[in-house]
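Scroll down for the structure; my scribbles are underneath it.
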Amino acid sequence: GEDVEQSLFLSVREGDSSVINCTYTDSSSTYLYWYKQEPGAGLQLLTYIFSNMDMKQDQRLTVLLNKKDKHLSLRIADTQTGDSAIYFCAETNNAGNMLTFGGGTRLMVKP
Amino acid sequence: EAEVAQSPRYKITEKSQAVAFWCDPISGHATLYWYRQILGQGPELLVQFQDESVVDDSQLPKDRFSAERLKGVDSTLKIQPAELGDSAMYLCASSLAGANYGYTFGSGTRLTVV
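Heads up: the protein sequence lines correspond to chains A and B, in order. First residue of the first sequence? That's 2 in this note's numbering, and the numbers climb one at a time after it. First residue of the second sequence? That's 4 in this note's numbering, and the numbers climb one at a time after it.
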């Protein structure tokens, strides 16, 4: 079955880059995703990457995918205090009809 | 921008009572999901609908949980009787078809069982 692992916590200073890492198990995942959750809110889709890509950039966000190692990362450039949230990595299942989420990484941005 | 609507936003209930949550997906979204998110953890799938049919409810504790989407639009998730361990955020999500391109989540219902 699918299993997604993330580190629990990351603390950075405002203006620095943040890198949040994720490992997954299902090599057949077609898409991999990053979601953001602010306190007391639902999950917001930040970005996703197709499994045949190595990198995707979207403004301050860069997603890197190492399919061989089943490793996904999210880099946030020029991290702002508003980026403080929990970030979830997710992968699709074999059938492509549901997502399995990691436990989330809490990003704390210090001014 | 279209949203997934959920209500209530917060619910406090005593254990052994019945509780129900409602979700209205984005118009036209055929696939609807209910996830449970325990504090400090990632969301876990409870049930998935395609139109009015259940696609996957293998993780739904069927002795106390039930879900329906009678007309293939909005959906209700019920717990009866509620237990202390059911305290969590219940998230509804929808998509046009399947999981590709991701889901859109609602704001969730935070349930506290006392």
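Yeah, the Cβ is synthetic: ideal placement off N, Cα and C, and Gly gets one too.
Expected contact under 8 Å - CB spacing of residue i and residue j to nearest Å
i	j	result
B:Ala100	B:Phe108	The Cβ separation is near 17 Å, so there is no contact.
B:Thr34	B:Gln62	Contact doesn't hold; Cβ gap of about 16 Å is too wide.
B:Cys26	B:Asp89	No, B:Cys26 and B:Asp89 are not in contact; Cβ-Cβ is about 17 Å, not under 8 Å.
A:Gln7	A:Gly105	6 Å
A:Leu108	A:Ser19	6 Å
Beta strand (DSSP E) segment containing residue i, residue limits
i	result
B:Glu71	Phe68 to Glu71
B:Arg12	It is not in any beta strand (DSSP E) - B:Arg12 carries neither H nor E in the DSSP assignment.
B:Thr34	Thr34 to Gln40
A:Asn22	Ser19 to Tyr25
B:Glu47	Glu47 to Gln53
A:Glu6	Val5 to Gln7
B:Val76	Premise fails: B:Val76 is in no beta strand (DSSP E) and is neither H nor E.
B:Tyr106	Taken as a continuous stretch (DSSP letters only), B:Tyr106 belongs to no beta strand (DSSP E), as it is neither H nor E.
B:Val7	B:Val7 -> no beta strand (DSSP E), and no H or E assigned at all.
B:Asp59	Ser56 to Asp59
B:Ser65	Before going on, a small fix: residue 65 of chain B reads as Lys here, not Ser. Segment: none, B:Lys65 is in no beta strand (DSSP E) and carries neither H nor E.
B:Met92	Ala91 to Ser98
B:Leu87	Premise fails: B:Leu87 is in no beta strand (DSSP E) and is neither H nor E.
A:Lys111	Thr106 to Lys111
A:Thr101	Leu100 to Phe102
B:Asp27	Val22 to Asp27
A:Ala78	Where A:Ala78 is concerned, there is no enclosing beta strand (DSSP E), given that its DSSP letter is neither H nor E.
B:Val117	Segment: none, B:Val117 is in no beta strand (DSSP E) and carries neither H nor E.
A:Ser29	Careful: A:Ser29 lies outside any beta strand (DSSP E) and carries neither H nor E.
A:Ala96	Looking at the DSSP string, A:Ala96 is not in any beta strand (DSSP E), and its letter there is neither H nor E.
Burial state of residue i, where buried means 16 or more other Cβ atoms lie within 10 Å
i	result
B:Ile41	exposed
A:Gly41	exposed
B:Tyr38	buried
B:Phe68	buried
B:Glu17	exposed
B:Gln74	According to the sequence provided, residue 74 of chain B is Lys. The question's Gln does not apply to it. By the neighbour-count rule (16 or more Cβ atoms within 10 Å), B:Lys74 is not buried but exposed.
A:Asn95	exposed
B:Arg72	buried
B:Ile15	exposed
B:Tyr13	exposed
A:Phe51	exposed
B:Ser98	buried
A:Met56	exposed
B:Gln83	exposed
>> Along the segment 92 to 110 of chain A, where does the CB come closer than 7 Å to a CB of chain B? Name the residues.
In response: Thr93, Gly97, Asn98, Met99, Leu100, Phe102, Gly103, Gly104 and Gly105
> Taking any Cβ of chain B, which residues in the segment 26 to 40 of chain A have a Cβ under 7 Å from it, in chain order?
Replying inline: Hits within the stretch, in order: Thr31, Tyr32 and Tyr34.
> Listed in chain order, which residues of the segment 49 to 74 of chain B have Cβ atoms closer than 9 Å to some Cβ of chain A?
Replying inline: Gln51, Gln53, Val58 and Asp59
> Any residues in the segment 47 to 67 of chain A with a beta carbon nearer than 7 Å to a beta carbon of chain B? Which ones, in chain order?
Replying inline: For the segment 47 to 67 of chain A, the beta-carbon criterion of a distance under 7 Å to any beta-carbon of chain B is satisfied by Tyr49.
> Of all the residues that make up the segment 22 to 34 of chain B, which are near chain A by a beta-carbon distance shorter than 8 Å?
Replying inline: Thr34
>> For a minimum of 3 consecutive residues, which ranges assigned as the beta strand (DSSP E) are wholly contained in the segment 33 to 69 of chain A?
In response: 44 to 51, 56 to 59 and 62 to 67
> Residues in the segment 75 to 88 of chain A with C-beta within 7 Å of chain B's C-beta atoms, listed in sequence order?
Replying inline: Answer set for the segment 75 to 88 of chain A: empty.
>> If the cut-off is 7 Å on Cβ atoms, which residues from the segment 90 to 103 of chain B count as contacting chain A, listed in chain order?
In response: Leu94, Gly101, Ala102 and Asn103
> Looking at chain B, which residues of the segment 4 to 28 of chain A have a Cβ within less than 9 Å of any of its Cβ atoms?
Replying inline: Val5, Gln7 and Leu9
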